[in-house]
Structure formats: structure tokens, C-alpha cells
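Only one structure is covered here, and it is reproduced in the block below.
Number of protein chains: 2
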Amino acid sequence: MLDVCLLGTGGMMPLPNRWLTSLMLRHNGSNMLIDCGEGTQISIRQKGWSFKPIDVICFTHYHGDHIGGLPGLLLTIGNSDRREPITLIGPKGLERVVKGLRVIAPELPFALDFIELHEQYHTLQVKGYTLEAYKLNHNVTCYGYNVNINRQGKFLVEKAKALGLPVQYWNTLQKGGTVTYQDKEYQPDAVLGAPRKGIKLSYCTDTRPVKNIEMHAKDADLFICEGMYADEEKENRANEYKHMTFEEAASLASKAHVKELWLTHFSPSLVRPKDYVHVAQKYFENTKVGKDRMSTTLKFEE
Amino acid sequence: MLDVCLLGTGGMMPLPNRWLTSLMLRHNGSNMLIDCGEGTQISIRQKGWSFKPIDVICFTHYHGDHIGGLPGLLLTIGNSDRREPITLIGPKGLERVVKGLRVIAPELPFALDFIELHEQYHTLQVKGYTLEAYKLNHNVTCYGYNVNINRQGKFLVEKAKALGLPVQYWNTLQKGGTVTYQDKEYQPDAVLGAPRKGIKLSYCTDTRPVKNIEMHAKDADLFICEGMYADEEKENRANEYKHMTFEEAASLASKAHVKELWLTHFSPSLVRPKDYVHVAQKYFENTKVGKDRMSTTLKFEE
């Protein structure tokens, strides 16, 4: 199960009732953010989710509208009594950028761990999330993220019985632990079926619609993608500033066979993005135009 | 004439509908800010005032809740087509702090001029504002500000006539310029009466209620002062964190004989500061409990 909340849907500048693009996820007691523009902490508060369990913050890139809210957020997390380290993930330069911003948040009651991305593609295991990061095409180095919640195989009672393992060991194996019984070690796969389909969320901003996205967003349960401009006539502008139109984002969703598309990161000039949903739906039917604090819960298949 | 807008009234953390403490002033086409916490640019937008004429930004100190909104604001001012330099004023360390924050706003289409304060008391002339800055008592170096709009003496037609100056020179002298006529130089005071009472606004946060404030806020038309805690029982807390209670702020207002007091910079724990207005009014009758975008226009006396 993965709770998803689009904290903000604005690009470039925050507007009243439209915060800068940021995504918050919850899984198994651990919260994760992707991007953190100015005002992100307000949106978290409006949503009513907690600051203290924020274990991971990923950044797509370091333009102000994607990271300006970090120092304030860190101070507020500090006031929530957190003492455990927070993992920050982002393109090369992360530690330098955060050090700069921390000039106004020099003392925090928790440590920051940094993971800097430098390859075309990374895969990382953090706090129960399986993250994939891949390079996009913006005017600075920028990464898209997949957040996967893996799902192990079914627990097969017959297999456990056949091994002659007493019932009290079953739970450990089912939860992925190793068991030693009568001098023999048992791994989970001894009692589990083949891994089942997990949950996949794909998040992608700021970028031109490159092939890489289509490949990595493949079959995602939810694809959250920038749509800076709604109007097809703005394609030149999208090209110049390395962003996407609704049409381009929806075409990617279609090619990647995702289940659902949420558009986000709207230009301040796009006053009512919802009015343009038909533009995207021409290319991908199951499109929703994001708005602040739009939420869902992605579940494992029955 | 001085337009005054309390952009935010929160201390420490922004809350939904309560931005961090920031004040915006407008005089004669030039806008000035004192403090700029996270979200300040949103409040400016909600108020409907312009970004482009912001000529001066003063900082009381560099805690996150007073400066976190600066990089975003600068980026937004940059997008407003401004090319003229902006003057930043604040305690020693200003240039270093701003340099740190500008890691996410490295390229701006205007220059920043820095004025760092280091004395107990400074007086400065900037863009038609006469500023006074004086040291407060917080847990870091912190300054209070007076913003004065001076008012010259009345134009005395009789004096101008007596000098034998042709009418076309009167306007220049009235506006403070110098005139040369028949090889003789005339200064404005040759045609003006004694300077008249101007406008004085006093702004003061974060601090304990020191004598210095009483002295500098003397006879202010408007005294905007922190009241972090409403409850008298919180005096210990105010003492520990170097803030003020409503009672302390109102007592200062009374001793300084100001015309009006606005309280601001409320603790996030103070949910409905307005409910405590009577606590302050016991000490100073003309107290208002600030709220976001509370505004007034201070005018010269008739």
C-alpha cells in the first residue's frame, strides 16, 4: 500500500492556492518527499500528514521552485522531535546546495545522509522503498524517479509443512527473515511462491519528453508527469525552456502503457489547467489534471 | 503617505493562513520589505502589491523564519522584469547568508547592494525612507527598525516673492532642489518654513523588552511589535527564548507613547491570538492583534 499526495502543482512561482511541485508518499510508517519548493511544509500541514516520519527527501534538480522549502522544512521537522537521520537524494552537487541553504538552519537535532546521483540510472533501497532514478532532459541535470513497493510471493503453507518447520518460525520467513532450525538455515524463498506484482509510481519533472521516460515509466500504476503548458501552441516555449505540453505528457503516458496519468508543474500563466484536460485525454484517456493535495492510495492487486 | 501591510504574523513556523512575519511598505513608488520568511511572496501576491518596485529589503536577523523566503522572492522579482539594483540591509553576515541562499538563485537580472549593520545605532537614507536601525536583545544579533518619512516645511509664497524669484523656479525649491538665478544660488530653506512632523513607523522583533525599544519607538505613529506569547504565564518561556509576551509589548507601547500598537510574530502554539487582545489592552488601550495582510495608510498630519 502506498499513500500518495501531490502537495503542490505549480512550476516556477507559487501562487495563492497553488504550491510548488512536491510529492509526498507514505508506506509502512515511513514518509518520503520528492522535491520541496517554498511552502511545502504548509501543504503538508494542510493535508494533516506528519513531519516526524519523513525519512527520505529526493530532488529532481536544484532550481529554486523544487528545493526552496527545504531549510524551513528541516527546521520544522527538527521541532517535531525527530532525532533519526534523514536521507537526501539528488543529482551531483546535493551536499553543496544543502550546505548553502543550511546557512539559515545550521543546527538540526538529526543528521543528514547524502546520496548523490551521477550515473544515467541508479537503483536504491531506502526504508522499504525501491527507488529508481534516471536522467531526464532539462537545462540542468535532472532525474526522474520510480518508487516501487515490491511484493513477495504468497506464503505456501504446504511448502512450510513439507519442510517440517514448526509453526512459530513461519512468520519470520514470511516477513523476509532467515530461520535456523536443527542446525539448518532456511531462507524465505523456501516457503514463498514467486514474487508478485508490486506497486509502481513514476514521477517526472522537469524535462522534454525523451524516450528514457517512456521506458522507465513502463506499466506504472500512477505516472505523475509535468505538463507546464496546456496549449499546443506553447510547444516552442516548452522546447526552449525544456518542459512539456499536456499533449507531450499524455503521449508518453500512452506509449508507456501506464494505468493513470496525473499532470502537474503548471506554468503560472496557466490559470485554469483543468479546462485543458481534453487536450491530454485525446492522447491518453485516463488523465487527471493535478491539483494541490490530490491524493490516492495505490494498493497491491487482489 | 506610507502604505503599510503586515504580510505575515507567524513566528517560528508558517501555518495555513498565517505566514511568517514580514512587513511591506510603499512610499512614493518605492516598496520596502522588513523580513522575508518562507511564503512572503505568496502573501504579496494575495495582497496584490507589485514585486517590481521592491527597492529595499531589511532583515532583523537571520533565523529561518525571517529570511527563508528570500531566494524565491528574488527569483520572482527577477521574473517581474526588474533590472535596477535592490538594497539589502541587515546585521553583519548579510552578504555571507545571502550568498548561501543564492545557491538556488545564482542568476538574477539585477544587482544586490549590501549594507551590513554593526553599530548599536545606524541611520540611513534609502529611496526616500529615513531608516534607523538599533540593536535588540535576542539570542542572536538582531535589529529593530524605524521607518521615517520626513516632511519639509510649508512653502511660503511671501518668502519666495520677497526674494524676487520668478515663479518658474518655485517648484524646484519646493521639491528640495537648488536654484541659480542671476548668478545667485538659492537653497530650499530660503522659501520653506520649519520642517513639519513626518511619519514614524517602528518595527521590532525578535527581542526581550529592553529600554532601547522604548527610547527608539518614542511617539511612533504605528508600533509593530512581537508578541510571541499571549498568556502571562508564558513569561518564563519568553525569557528563555528571548521573546515577549503581549503584556510586555503593550507596556513598551505605553511607555513609548506610540499612537497605535500592532502585535505580531505569534507562537504556533497561540492558535487564536485575537482572543487575548484584552491582555494587551490592559496596558495599552490602542492595541490591535495583527493578522495577515492587515493594512493601513499613515498620513501626514493636516
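For the record, the sequence lines run as chains A and B. First residue of the first sequence: 302, per this note's numbering; consecutive thereafter. First residue of the second sequence: 302, per this note's numbering; consecutive thereafter. Backbone N, C-alpha and C define an ideal beta-carbon position, used for all residues, glycine too. None of the values given here were measured: they were computed from a predicted structure.
Unbroken alpha helix (DSSP H) run spanning residue i, endpoints
i, result
"B:Asp-521", "Just to set this straight, residue 521 of chain B is Ala in the shown sequence, not Asp. No alpha helix (DSSP H) holds B:Ala-521; DSSP gives it neither H nor E."
"A:Tyr-542", "536-542"
"A:Leu-409", "Premise fails: A:Leu-409 is in no alpha helix (DSSP H) and is neither H nor E."
"B:Val-288", "Here chain B comprises residues numbered 302 to 603, so residue 288 of chain B is not present and cannot be evaluated."
"A:Leu-553", "547-556"
Under the three-state DSSP convention, the category residue i falls into
i, result
"A:Phe-456", "strand"
"B:His-566", "coil"
"B:Asn-587", "coil"
"A:Gly-379", "helix"
"B:Gln-426", "strand"
"A:Thr-388", "strand"
"A:Thr-431", "strand"
"B:Leu-374", "helix"
"A:Glu-561", "coil"
Cβ-based burial, residue i [other Cβ within 10 Å; buried from 16]
i, result
"A:Val-492", "buried"
"A:Arg-383", "buried"
"B:Pro-317", "exposed"
"A:Gly-465", "exposed"
"B:Glu-548", "buried"
"A:Arg-319", "buried"
"A:Ser-503", "buried"
"A:Glu-339", "buried"
"B:Tyr-422", "exposed"
"B:Thr-598", "exposed"
"A:Ala-412", "exposed"
"A:Phe-497", "Residue identity check: residue 497 of chain A is Arg in the sequence provided, not Phe. Exposed."
"B:Asn-494", "Just to set this straight, residue 494 of chain B is Gly in the shown sequence, not Asn. Exposed is the call here."
"B:Ala-554", "buried"
"B:Arg-452", "exposed"
"A:Ser-323", "buried"
Delimiting residues of the beta strand (DSSP E) encompassing residue i
i, result
"A:Gly-401", "No beta strand (DSSP E) contains A:Gly-401, which is instead part of the alpha helix (DSSP H) from 395-402."
"B:Leu-437", "Per DSSP, B:Leu-437 belongs to no beta strand (DSSP E) and is neither H nor E."
"A:Ser-323", "323-328"
"A:Asp-593", "From DSSP, A:Asp-593 is part of no beta strand (DSSP E); its letter is neither H nor E."
"B:Met-529", "Counting along the chain, B:Met-529 falls outside any beta strand (DSSP E), and DSSP gives it neither H nor E."
"A:Leu-316", "Counting along the chain, A:Leu-316 falls outside any beta strand (DSSP E), and DSSP gives it neither H nor E."
"B:Gly-309", "303-309"
"A:Leu-571", "Taken as a continuous stretch (DSSP letters only), A:Leu-571 belongs to no beta strand (DSSP E), as it is neither H nor E."
Cβ-heavy atom distance, residue i to the ligand ZN, below 7 angstroms
i, result
"B:Leu-374", "With respect to the ligand ZN, the structure shown offers nothing to examine, as it has no ligands at all."
Checklist entry - Given a limit of 8 angstroms on CB to CB distance, which residues of the region 364-398 of chain A reach chain B? => result His-364, Gly-365, Asp-366, Ile-368, Gly-369, Gly-370, Pro-372, Gly-373, Leu-376, Thr-377, Asn-380, Arg-397 and Val-398
Item to check | Contacting positions in the region 303-337 of chain A - beta carbon closer than 7 angstroms to chain B | outcome: Met-314, Pro-315, Leu-316 and Pro-317
Item to check | alpha helix (DSSP H) runs contained entirely in the region 347-372 of chain A, provided each spans 4 or more residues | outcome: 365-368
Item to check | Length at least 4, wholly inside the region 442-516 of chain A: the alpha helix (DSSP H) runs in chain order | outcome: 458-464 and 471-475
Checklist entry - If contact means a Cβ-Cβ distance below 8 angstroms, which residues of the region 339-354 of chain A contact chain B? => result Glu-339, Gly-340, Gln-342, Ile-343, Arg-346 and Gln-347
Item to check | Members of the region 403-416 of chain B near chain A, C-beta cut-off 7 angstroms | outcome: Val-404, Ile-405 and Ala-406
Next on the checklist: Short of 7 angstroms Cβ to Cβ, which residues in the region 454-466 of chain A face chain B?
Outcome noted: none
Checklist entry - Listed in chain order, which residues of the region 572-592 of chain A have Cβ atoms closer than 9 angstroms to some Cβ of chain B? => result none
Checklist entry - Along the region 472-495 of chain A, what residues have a CB closer than 8 angstroms to any CB found in chain B? => result none
Next on the checklist: To be precise: take each residue of the region 522-538 of chain A, compare its Cβ to all Cβ atoms of chain B, and keep it if any distance is under 7 angstroms. Which residues remain?
Outcome noted: none
Item to check | Selection of the region 432-445 of chain A by Cβ proximity to chain B, strictly under 7 angstroms | outcome: none
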